[in-house]
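What follows is a single structure, written as structure tokens, with notes after it.
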Amino acid sequence: MTERNGENGRITRRQLLKAGALVGGGALLGQAGRLLASAQEVAQSPAVQYPLAQAENQLYSSCLMCNTGCGIKVKVLDGVAAKIDGNPYNPFNLVPHVSYKTAPHQVAGVDAPLCPKGQAGLLSVYDPYRLRVVLKRAGPRGSNKWRTIPFDQAVREIVDGGKLFADIGEDRHVPGLRELWALRDPKVAKEMDAFVRRIRAEKDPAKKQALVREFQQTFRDHLHTLIDPDHPDLGPKNNQFLYFWGRQKAGRTEFARRFVQESFGSVNFHGHTTVCQGSLYFACKAMSEQYEFDEKDGKMKWTKGRKFYWQADTEHSEFVVFVGASPFEGNYGPTNRVPRLTEGLATGRLKFAVVDPRLSKTAAKAWKWIPARPGTEGALALAVIRWILDHQRYDARYLRNANKAAAEEDGEPTWCNATWLVKLEKGRPEGFLRASDLGLPVQKRSQEVKGKRVEYEFDPFVVLRDGRPVPFDPYDEQNPVEGDLLVDTTLNGIRVKSGLQLLGEEARRHSLQEWAEICGVRAEDIEELAREFTSHGKRAAADIHRGVSQHTNGFYNVWAWMTLNVLIGNLDWKGGMASAKVYDPSGEKEGQPFNLKELHPKRTTPFGVSIIRHETKYEESTLFRGYPAKRPWYPLSSDVYQEIVPSIGDAYPYPIKIAFLYMGSPAYSLPAGHTTIEVLKDPNKLPLFVAVDITVGETSMYADYILPDLSYLERWEFQGSHPNMTVKVQPVRQPVIPPVPETVRVFGEEMPISLEAFLLACAERLGLPGFGKDGFGPGQDLRRPEDFYLKMVANVAAGDRPGDAVPDASDEEVRLFLQARRHLPKSVFDPEKWKRAVGEAWWRKVVYVLNRGGRFQEYQKAFKGEQLANQYGTLVSIYSEKVAKTKNSMTGKPFPGLPAYIPAPRDALDRPVEDEKAGYDLHLITYREVSHTKSRTGTNYWLLALLPENFVLVHRQDAERLGLKDGDLVRVTSASNPDGMWPVLDGHSKPMVGRVRVTEGIRPGVVAFSLGHGHWAYGSVDLVIDGKVLKGDARRGRGIHANAAMRVDPVLKNVCLSDPAGASAVFYDTRVKLVREAS
Amino acid sequence: MPRYAMVVDLDRCMGCRACMEACKVENNTPTAAFWMYVFRFEEGEYPNTYIWFMPRPCMHCDNPPCAKVCPVGARYKREDGLVATDWDRCIGCRYCEVACPYGVNYFNWKEPVRNYYLDWGERDVRRVTNGQTPPYRNPDLDRPYGEEKRRVAGGGRLKGVVEKCTFCVQRVEEGLQPACVANCPAFALHFGDLEDPQSSVSQVLGRKHSWRLLEELGTEPRVYYVGAHPAHPESRQIEEVKARV
Ligand code: SF4
Ligand code: SF4
């Protein structure tokens, strides 16, 4: 660039002017244009320099102060990150974002927005309480006594086991990884897995037993590798090694999965989904199930439901109802959603309603605030559904389409099963009516599976068309089939109803007035909401989040609200509901150079039921002994975070011997998280507990070892996207500053201590396949993190099909790439090694992607006329026979197969929990202050500057009744925590006390606190390390964290309340008391 | 010579305080000092409750009462409209602080430190940056600004001077937006030249009715507000940031 005028390469005014023309092709400057425009007006004083505006001092990456993961531009001076701003290439930060073709020099002067957390990130990274070396406990678990040990010693002890704590008087043998790596032959694992499938599929108990005996015979030489040969479906001893995490993004997920599942062979690899919005994910998973041939089972079934959800394309919506969602504070909001919403408000394009018991910052701008009673979200949705059905305000044309051909005829990208006929068994809707039920023919089909032809049957579904049954295939592209919407009839002696008919019956269980009373809102408000929702065609949306899903009835609340979107047929339409699309880094797409799963010399098949009993039916297991099960099974969900630790405690379905926790803090984050402490601090329940953390946190404080990790400015990840993001993206997180932890040597390579270094070192010591020399296959080593992650970057660069690759970086860009990394040590940036990881052919493309902080589709490509270009594009279910045929493992009763209102809260045995009768008269909820993210920001000094301590929000009426005023201290107590205490250590508890803020902005009877404060570790208390006291800083522990008041399940007693279907950990169904404390 | 001004769009502002944080990080302001401050207000009774937000930087008045009372000419109005403090002249008498009706001045009680929230000198802190200089300010701020070459920003400000929003003079002179403007996710803040009819400030002011804070005092602020509420007598300030961390 010649404009990079002369001396010192500083950005000139001319260049900024010029850049204007290159952003979005001239006319469409958008906000980037605005950010540049003023530059034209500003006089330049030729003598000055501003190093932060020079491309050579900027690196693009991805924020992780919250999981939105906005694009960031990190400005580095003297090797230290000096300022963080937003990445203008990234559509999370700018609308429209800067064209991907723009050279980095041209946007050096454009700082895109970031939320307060993002900007304050520096003080989370340069936090004096960060760990640089490995800690091993020097007292009982949780005693806060540590000693520093060499990395190699930690690896040796964790892999080899032994009497590891003899020096502090614990004379017990601690198992090492080697001991649990019992089944090592991938071939045997595969055969066992197939056999176990047969055992599970056998319904007859006697035959099941016979199969177990046959299994024992077949694998008699390998029975010692199993947890329990009498229950082969528990899987091998390898499963007694557990890896779980709080926040783990793509990249690290694949890396860790390679270790835990593909090489070590444990099934226990679990995330945190249910503590966020499990029921939102799993209700949408149920809605997105497809009826397809399954290769493993050799037949057709409901499968491939996506663990995902939809959000509104707020950039084009005319009306949105946000339910239990506050995009101005959380909800992937700032920086991503806010500009799209505020632009809509400012131009008059958009109005929105907010359903939330608290007057959130989003509700502050709402056309209507509906403070419904928490837990009645499903009732409200059904009320709206009722009104829509009563007034026929649904999109009948869309709903009638029963298959793909019919949808295509109407130009609809999706279709639903509103018209499909459902059979009633003893009055209860269960399976779909099939052609064979009516004596109509069944289709014979066949498919190639691994070189073999497999024959199978397809029994068509049926709709009624003008009173006549019509069989059809949902994916038929030739023969459009439409159905009658409301059907209640008998065919061939079988009572059938259409899905929409069944939905109407659920919605008509109550009158509008009754529904309004249940929700505690005015019926007129419901009517107005319903009218508005159905007055904008497809440019209206119901956008929901945690407030809907984190209840015992979350799954059905979510389903009801999402069904509203289906009723107006807004999926994949501009202004309607969108779903996330990313450039896939895995290498599984055609044209991508590195398929990381296949690049494994000895990949194994983990099998057996997981410790959280996910995606598996109790009835199919050999543990089935009638109802209730000892603990709940979760056939419709996965990543059931709250079940992990209590299941370890109960050793159900088997004991866990070694657990690795990565970037997670269940003790702090979970509702009733205090119950986990009891288990974690007991070495008899969990013999070896290793945490990977950047500091000593609320949960890692109970670990045996803490491995220091890299912060988000020091490591690799692929941030992915969010449902509201209509542009296809893949933001890349990459090292931008020198690592804080110490450097160690693994596989002969220098690298900072980190999750990767730890796993690589364990693999090296174990001799685990898939790592080290020839780790990817002959001649391809996996010795360094970049050997893995740069291949993923290359896959992103390649795109999702041949011909989709990014251009090669120019010489000038390669120079910039090297120059901007001049401060990084060889232990993380060695250009030669980096290049070797992807080869000459991909190197410049990798540079191109990294120079922009990821890959981002051009703005214009995200839309196709009135539709979104990145589509969901298939069948969506408002009725699910799969759900209807699944049983609650505690009661033996089947789950409803469609949206319904189930009053909350309920315990594990499905009985109401009625603590209000015991005088707990206030309903506790939580919220997000925009400047905080659950467990990891409450200790950031720049963020504490904005909110040194959080509040307990109390309505004025309640405050008057209780004699409370602003600033009073109150303790939060509940039926399961009547003392209002965090039992942190033996003999040391932290009371749940916070300051009252009296407000008119909350529903009377509801109290709230924001998440992120009230720490009892994370640098807020003294630690003893190597005999010396490291002083804690009390500023870091201020405010209240009242999760321990949340209701413990009265049946299970060591876990919070949970949604039996969607597995959500319940945040919003607890009744509490506020007890005044002396100030 | 440009005539700089800021326009704050209250219809867009959603009170996130990113601008407050951006200012703090960019300018390394002392604890409890917010050169940019965002008020949050609540009014009405449930369920007819409203909350609204009002960012408040220095008004950079055309008729600045602070400059008038400054006995040593440290506080002055620049030709481009910025109201600045010359650190070399300020004697810390705090007259300006008293004279300003908007409460935007902060007396500097302590020696400037590298980061007011942490003692970066401590070994524990330095070790996380591997002994490097930690981020405390933009190191190029310590230099003369404007035609008149006076030190009005940066690490040069001392104990015993009064400081306030500079409209990020270090950025503006380089052709960049003030940090608060660049970082606002709602695009509620506009900054630019009133002389230029194409500038976003001119455009917004041309389109929307605007008002200024305490207009009746004749201070002639360079900060304009558009949209929503002017402050309401029954508005209650909420979530006030006052405590020292
Ligand atoms: S919303 Fe804020 S904290 Fe979250 S990723 Fe974006 S900038 Fe970072
Ligand atoms: S950053 Fe923007 S939206 Fe947030 S408080 Fe400041 S002006 Fe308002």
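Residue numbers (numbering that gives the first Met the number 0), protein chains in the order written: chain A, 0 to 1078; chain B, 0 to 244.
Don't be surprised by glycine CBs; every beta carbon is placed ideally from N, CA and C.
Nothing here was measured: the structure is a model prediction, and the numbers come from that model.
- Excluding five sequence positions before and after Asp-487/A, the CB atoms of its chain that fall closer than 7 Å to its own CB belong to Lys-496, Gln-500, given in chain order.
- Within the segment 71-141 of chain A, the beta strand (DSSP E) runs of at least 3 residues that lie entirely inside it are, in chain order, 79-85, 133-136.
- Residue range 251-256 is occupied by the alpha helix (DSSP H) that includes Thr-252/A.
- Looking from the CA of Tyr-926/A, the closest CA among Asp-355/A, Pro-338/A, Trp-180/A belongs to Asp-355/A.
- Judged by their CB atoms, Val-1023/A and Arg-955/A are not nearer to each other than the 7 Å cut-off.
- In this structure, DSSP gives Ile-1024/A an extended state, which the three-state scheme calls strand.
- Ordered along the chain, residues surrounding ligand 2 are Cys-12/B, Met-13/B, Gly-14/B, Cys-15/B, Arg-16/B, Ala-17/B, Cys-18/B, Val-37/B, Phe-52/B, Pro-54/B, Cys-183/B, Ala-185/B, Ala-187/B, Leu-188/B [Cβ under 6 Å from any heavy atom].
- Here Lys-422/A is bridged, per DSSP, to Val-495/A.
- Look at Pro-184/B: its C-beta is under 7 Å from a C-beta on chain A.
- Taking a cut-off of 8 Å on C-beta distances, the segment 967-982 of chain A touches the segment 904-922 of chain A, as three or more cross pairs fall below it.
- Taking 8 Å as the upper bound for CB-CB distance, Gly-607/A and Leu-340/A are not in contact here, some 46 Å apart.
- Annotated three-state conformation of Phe-40/B is strand, per DSSP.
- Listed along chain A are Ala-363, each with a C-beta nearer than 8 Å to that of Trp-51/B.
- Note: Trp-145/A is bridge-paired with Arg-136/A, Ile-1024/A in the DSSP secondary-structure output.
- According to the DSSP assignment, Val-82/B belongs to the beta strand (DSSP E) that extends over 82-84.
- In terms of Cβ geometry, Ser-265/A and Asn-237/A form a close pair [threshold 7 Å].
- Relative to ligand 1, the beta carbon of Pro-333/A is positioned inside 6 Å of a heavy atom.
- In the structure shown, Ile-705/A adopts extended strand secondary structure according to DSSP, grouped into three states.
- Under the three-pair Cβ rule at 8 Å, the segment 57-77 of chain B counts as touching the segment 91-110 of chain B.
- Counting C-beta atoms within 10 angstroms of its own C-beta, Pro-338/A has 16 or more neighbours from the protein chains shown and is therefore classed as buried.
- Counted as a single uninterrupted DSSP element, the beta strand (DSSP E) harbouring Ala-539/A occupies residues 539-543.
- At a cut-off of 7 Å between beta carbons, Thr-28/B makes no contact with chain A.
- Ranked by Cα distance from Glu-172/B, the options Ala-187/B, Trp-108/B, Tyr-144/B, Arg-39/B are led by Tyr-144/B.
- Relative to Ala-577/A, the option among Gly-568/A, Asp-583/A, Lys-933/A, Ser-585/A whose CA is nearest is Gly-568/A.
- Going by DSSP, Tyr-847/A is part of the alpha helix (DSSP H) stretching over 839-849.
- Our two residues, Ser-888/A and Gly-426/A, have alpha carbons roughly 22 Å apart in a direct line.
- Against chain B, a Cβ distance below 9 Å from Ala-282/A picks out nothing, because the smallest value is about 29 Å.
- The criterion of a C-beta distance shorter than 7 Å is satisfied by Ile-877/A and Thr-562/A.
- One Cα belongs to Lys-537/A, the other to Gln-310/A, and the distance between them is close to 14 Å.
- In terms of side-chain proximity, the C-beta atom of Met-662/A is found no nearer than 6 Å to any non-hydrogen atom of ligand 1.
- Cα atoms of Phe-554/A and Ile-610/A: separation of roughly 22 Å, rounded to the nearest angstrom.
- At least one heavy atom of ligand 1 is found less than 6 Å from the C-beta of Leu-113/A.
- A direct Cα-to-Cα measurement between Val-882/A and Ser-1063/A gives close to 16 Å.
- Remark: C-beta atoms of Val-103/B and Lys-163/B approach each other more closely than 7 Å.
- Leu-908/A and Glu-618/A have their C-alpha atoms spaced approximately 17 Å apart.
- For the 7 Å CB-CB criterion, Cys-15/B and Pro-412/A do not form a contact.
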